[in-house]
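J.: Protein chains in written order, with this note's numbering: chain A, 11 to 341; chain B, 95 to 377.
Pasting a structure here, questions to come.
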Amino acid sequence: MIELTGVSKSFTTKDVGTVAALKGVSLRIDGNEFFTLLGPSGCGKTTLLRLIGGFEMPSTGAIRIDDLDVAALPPQKRPVNTVFQSYALFPHMTVAGNVAFGLEMCGWKKADIDARVKEALALVRLDGFATRKPTQLSGGQQQRVALARALAPKPKVLLLDEPLSALDLKLRKEMQGELKRLQRETGITFVLVTHDQEEALAMSDRIAVMRDGLVLQVGTPKAIYDNPNSRFVADFIGEANLVPGNVLGRDHGMTVAVRPERVTLGRLNGHGARAKGEVAGVTFLGLDTLYEILLDGARVRARVRDAGEPFQAGDTVAVDWPDTAERELLH
Amino acid sequence: MLAPAVLVIGVFMLIPMFIALAYSFMTADPYGGVQAPFTFDAYIQFLYQRDFDDSLIFASDYILIIARSIYLAVSTTVICLALGLPVAWYIVCQSEERRRVLLFLITLPFWINTLIRTYCWILILRDEGLANKLLCALGIIADPLPLLYNDGSILLGLVYTFLPFMVLPIYSTLERIDSRLIEAAYDLYASRVAVFRRVIWPLAKPGALAGATLVFAPALGSFLAPDLLGGGKKLLIGSLIQMQFTSSRNWPFGAALSIAITAVILLVIILRSWTAPKREAQA
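Here's what the structure looks like:
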């Protein structure tokens with residue numbers, strides 16, 4: 011279990027002066043959890059990960075791992091291992107040498123190290139690669155070595171800094187499943203940093219959405235998707251229509267969020283619809299059709315499946331959605 | 095495409111080498127230079143003395159000079175490595191702006207003639223020199239220490255002259271080490287010592303080896319520091335060679351001695367490539 015209480019971090023550089031990367035973050039990550047820090051670049055997610063890893067010290071606040079106060083401990087004294095974004099494999103060592111490194115540093119016996127290296131390589135399905143050098147491996151294989159190296163010493167927490175960003179799409183999808191499997195098989199807490207919301211939704215038990223050094227919302231992927239607590243979260247996780255309240259005849263300062271797939275379109279028949287609009291664009295997506303509707307003062311996307319008689323650009327349509335599909339957001 | 099490179103290597107590197115080799119097999123002209131016939135005399139002179147009856151007696155004088163020269167050159171290399179590695183590491187750890195300034199300072203001595211720089215050490219080390227005056231003024235010593243004209247002062251001069259040749263190649267390899275490798279090592283429970291021994295040193299070794307070659311080779315043949323700071327009391331091979339081409343006017347013997355040094359350096363380089371065959375094959 012990781013507990014962050016009021017953690018903030020500022021960096022001082024000559025060019026820009028002091029920059030607050032984290033502004034008082036409190037989080038609780040449970041044991042055996044796949045937890046994701048999600049946000050756009052510059053939101054502080056990587057800084058937060060580096061604070062947990064011990065590569066940075068917090069300006070204020072406390073970090074506890076299993077009731078051990080680690081805020082002042084260097085990385086080598088924390089029961090935490092990291093998979094770095096660029097893998098950071100030791101180029102002068104073999105695959106086995108890389109995986110064995112942490113175990114040697116912990117003072118394991120030679121026979122135990124050999125057994126554990128074999129086990130770790132089998133875990134990431136790299137049996138038979140032990141004597142290769144990192145430069146002889148593909149990106150995906152290097153990624154697996156980095157995972158094996160970080161998992162070998164059996165840490166309590168595994169930190170993953172955008173581990174899949176350097177891989178191509180197909181490999182990325184495959185590794186998403188692999189990471190999930192590894193987390194389940196090892197029972198180690200995974201803390202993953204990513205800017206890819208799809209990746210976060212697919213893998214995580216819980217997600218913390220971050221922006222500008224703050225955590226905006228924490229919850230399961232479904233809870234965050236269904237109940238975003240702010241315009242930013244609604245827009246960042248999946249697609250969302252953000253309709254100003256006054257367009258729908260409600261309070262001026264409030265926004266109504268609704269997912270495109272929940273929006274229904276119909277012929278105008280004078281009553282029942284929330285709004286009336288004009289079809290501005292039609293995009294055929296195969297299974298679905300995406301309509302761009304211009305309302306009076308807003309633009310709404312509707313992702314419609316099996317629409318029957320399709321609408322054309324220029325048609326006037328009734329726009330509607332179920333009450334349960336919308337969220338009223340104040341900020 | 096290749097022709098100019100081959101020409102440069104030929105004119106500046108190979109041809110002078112062959113001229114030296116050829117001269118070492120010729121006969122000395124009493125007025126300097128060389129003349130026919132071809133002979134092994136220079137190499138014989140290196141190992142033997144001619145007795146009055148013209149028989150050859152084995153003489154170890156020149157071997158000892160070479161041994162002492164190698165000893166001083168190795169010491170210079172080791173000290174330069176011990177000083178150069180921390181200095182290079184310190185520079186790498188600085189901000190980019192400070193790195194530029196520090197690198198400039200490292201190369202600054204090149205701007206001043208080596209002879210003048212070496213001579214300055216005499217002013218510092220002699221009995222009435224800066225060092226002794228300072229120590230006397232501070233009351234640490236009563237009488238001046240014999241700082242000049244010994245192996246120590248020669249070594250000091252050599253280290254001073256060749257240190258930049260060690261710092262620069264080590265710096266260039268250290269600079270290329272990804273800082274995340276060091277973070278990864280710490281992350282995997284390595285102590286500071288282990289990070290240096292297992293990650294930084296293996297990756298810096300090619301630079302250190304290049305630096306060692308760049309220091310050892312010229313230190314072995316150097317004659318400025320030994321002449322000026324050693325007082326010429328005990329000959330080193332560099333001074334000996336210089337004498338053959340000037341006062342002794344025995345060019346073939348000077349050439350033979352040069353070839354002997356080259357052989358020693360070549361041997362070191364060959365040994366070096368034997369000890370690290372894998373790394374080189376990979377690069």
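Backbone N, C-alpha and C define an ideal beta-carbon position, used for all residues, glycine too.
All of these numbers come straight from a predicted model, not from anything done at the bench.
Tell me whether the beta-carbon of B/Phe132 lies closer than 8 Å to the beta-carbon of B/Leu141.
T.: Along the second sequence, read from residue 1 onward, the residue named residue 132 of chain B stands at position 38. Along the second sequence, read from residue 1 onward, the residue named residue 141 of chain B stands at position 47. Result no, Cβ atoms of B/Phe132 and B/Leu141 do not sit closer than 8 Å.
J.: Using a C-beta to C-beta distance shorter than 7 Å, which residues of chain A count as neighbours of B/Pro296?
T.: Taking the first residue of the second sequence as position 1, residue 296 of chain B is located at position 202. The answer, in chain order, is His102.
J.: Just how far apart, CA to CA, sit A/Asp77 and A/Phe21?
T.: Along the first sequence, one-based indexing puts residue 77 of chain A at 67. Along the first sequence, one-based indexing puts residue 21 of chain A at 11. Distance between the alpha carbons of A/Asp77 and A/Phe21: 27 Å.
J.: Buried or exposed for A/Thr293, please, with buried defined as at least 16 other CB atoms from any protein chain shown within 10 angstroms of its CB.
T.: Locating residue 293 of chain A in the first sequence gives position 283, counting from the first residue. With fewer than 16 Cβ atoms within 10 Å of its Cβ, A/Thr293 is classed as exposed.
J.: Whole angstroms is fine: what's the gap from A/Arg159's alpha carbon to B/Glu277's?
T.: One-based indexing of the first sequence puts residue 159 of chain A at position 149. One-based indexing of the second sequence puts residue 277 of chain B at position 183. The straight-line gap from Cα to Cα measures roughly 14 Å.
J.: Report the residue ranges of all beta strand (DSSP E) runs contained in full by the stretch 147–220 of chain B; include only those spanning at least 3 residues, in chain order.
T.: Correct list: 150–152.
J.: According to DSSP, A/Pro254 sits in a beta bridge with which residue or residues?
T.: Position 244 of the first sequence holds residue 254 of chain A. According to DSSP, which records beta bridges pairwise, A/Pro254 is partnered with A/Thr265.
J.: Contact criterion: CB-CB distance below 8 Å. Does A/Thr28 meet it with respect to chain B?
T.: Counted from its first residue, the first sequence places residue 28 of chain A at position 18. Judged by the 8 Å Cβ criterion, A/Thr28 is not in contact with chain B.
J.: Any beta carbon from chain A within less than 8 Å of B/Val293's own beta carbon?
T.: Within the second sequence, residue 293 of chain B is the residue found at index 199, counting from 1. Closer than 8 Å: yes.
J.: By the 10 Å Cβ neighbour count, where 16 or more other Cβ atoms means buried, how is A/Arg269 classified, buried or exposed?
T.: Position 259 of the first sequence holds residue 269 of chain A. By the 10 Å Cβ count, A/Arg269 comes out buried.
J.: Where DSSP assigns a beta bridge to B/Gln143, which residues make up the other side?
T.: Taking the second sequence and counting its residues from 1, the one referred to as residue 143 of chain B is at position 49. In DSSP, B/Gln143 forms a bridge with B/Ile151.
J.: Just tell me which of A/Lys128, A/Ser18, A/Thr274 has its CA closest to the CA of A/Asp330.
T.: As a position in the first sequence, residue 330 of chain A is number 320, starting the count at 1. Minimum Cα distance to A/Asp330 is reached at A/Thr274.
J.: Report the option in B/Ile173, B/Asp148, B/Pro300 whose CA atom is closest to the CA atom of B/Gly251.
T.: Here residue 251 of chain B is taken as the residue at index 157 of the second sequence, counted from 1. For the residues B/Ile173, B/Asp148, B/Pro300, the minimum Cα distance to B/Gly251 belongs to B/Ile173.
J.: To which residues of the same chain is A/Gly63 closer than 8 Å at the C-beta, ignoring the five residues directly before and after it?
T.: Within the first sequence, the letter at position 53 stands for residue 63 of chain A. Only Pro85, Arg88, Val90, Thr92, Leu169 meet the Cβ criterion.
J.: Is the beta carbon of A/Lys19 less than 8 Å from the beta carbon of A/Pro68?
T.: Against the first sequence, residue 19 of chain A aligns to sequence position 9. Against the first sequence, residue 68 of chain A aligns to sequence position 58. Yes, they are a contact pair.
J.: So is A/Met115 in contact with chain B if we call contact Cβ pairs under 8 Å?
T.: Residue numbering aside, residue 115 of chain A sits at position 105 when the first sequence is read from its first letter. By this cut-off, A/Met115 is an interface position.
J.: May I have the straight-line CA-CA distance separating B/Val186 from A/Pro231, to the nearest angstrom?
T.: Here residue 186 of chain B refers to the residue found at position 92 when the second sequence is read from its first residue. Here residue 231 of chain A refers to the residue found at position 221 when the first sequence is read from its first residue. If you take the alpha carbons of B/Val186 and A/Pro231, they lie about 44 Å apart.
J.: In the DSSP assignment, find the alpha helix (DSSP H) that holds B/Ala231 and state where it starts and stops.
T.: Taking the second sequence and counting its residues from 1, one reaches residue 231 of chain B at position 137. Its alpha helix (DSSP H) spans residues 224–231.
J.: Scan the stretch 267–292 of chain B for residues whose Cβ lies nearer than 8 Å to a Cβ of chain D and list them as they occur along the chain.
T.: The structure shown contains no chain D; the protein chains it does contain are A and B.
J.: Are the C-beta of A/Ala212 and some C-beta of chain B separated by less than 8 Å?
T.: Counting from one through the first sequence, the residue named residue 212 of chain A turns up at place 202. No, its Cβ sits nowhere closer than 8 Å to a Cβ of chain B.
J.: Which bits of chain B does A/Val51 rub up against, with CB to CB less than 8 Å?
T.: Working through the first sequence from its first residue, we reach residue 51 of chain A at position 41. The sequence given here places Ser at residue 51 of chain A; Val does not occur at that position. In chain order: nothing, as chain B lies at least about 18 Å away.
J.: Bridge partners for A/Thr28 per DSSP, in chain order?
T.: Position 18 of the first sequence holds residue 28 of chain A. Answer by DSSP bridge pairing, in chain order: A/Thr22.
J.: Along the chain, which unbroken stretches of the alpha helix (DSSP H) at least 4 residues long are found entirely within the stretch 196–229 of chain A?
T.: Those alpha helix (DSSP H) runs which fall completely within the stretch 196–229 of chain A and span 4+ residues are 207–213.
J.: Between B/Ala357 and chain A, is any beta-carbon pair separated by less than 8 Å?
T.: Numbered from 1 along the second sequence, position 263 holds the residue referred to as residue 357 of chain B. No, B/Ala357 lies away from the interface with chain A (no Cβ there is under 8 Å from its Cβ).
J.: In whole angstroms, what is the alpha-carbon distance linking A/Asn6 and A/Gln227?
T.: Because residue 6 of chain A is not part of the residues shown, which for chain A are 11 to 341, the question remains open.
J.: For B/Ile363 versus B/Thr307, is the C-beta distance shorter than 8 Å?
T.: Residue mapping note: residue 363 of chain B aligns to position 269 of the second sequence, counting from 1. Residue mapping note: residue 307 of chain B aligns to position 213 of the second sequence, counting from 1. Contact: yes.
J.: Mind checking B/Lys327: buried by the 16 CB within 10 Å criterion, or exposed?
T.: Taking the first residue of the second sequence as position 1, residue 327 of chain B is located at position 233. By the neighbour-count rule (16 or more Cβ atoms within 10 Å), B/Lys327 is not buried but exposed.
J.: Considering only the beta carbon of each residue, do B/Gly126 and B/Gly305 sit closer than 8 Å?
T.: As a working mapping, residue 126 of chain B is identified with position 32 in the second sequence. As a working mapping, residue 305 of chain B is identified with position 211 in the second sequence. No.
J.: Based on DSSP bridge pairs, tell me the residues matched to A/Thr326.
T.: Within the first sequence, numbered from 1, the residue matching residue 326 of chain A stands at position 316. BP columns for A/Thr326 point to A/Glu288.
J.: Quick check on A/Phe94 - is its C-beta less than 8 Å from some C-beta in chain B?
T.: In the first sequence, the residue the question calls residue 94 of chain A occupies position 84. True, the Cβ-Cβ gap to chain B drops below 8 Å.
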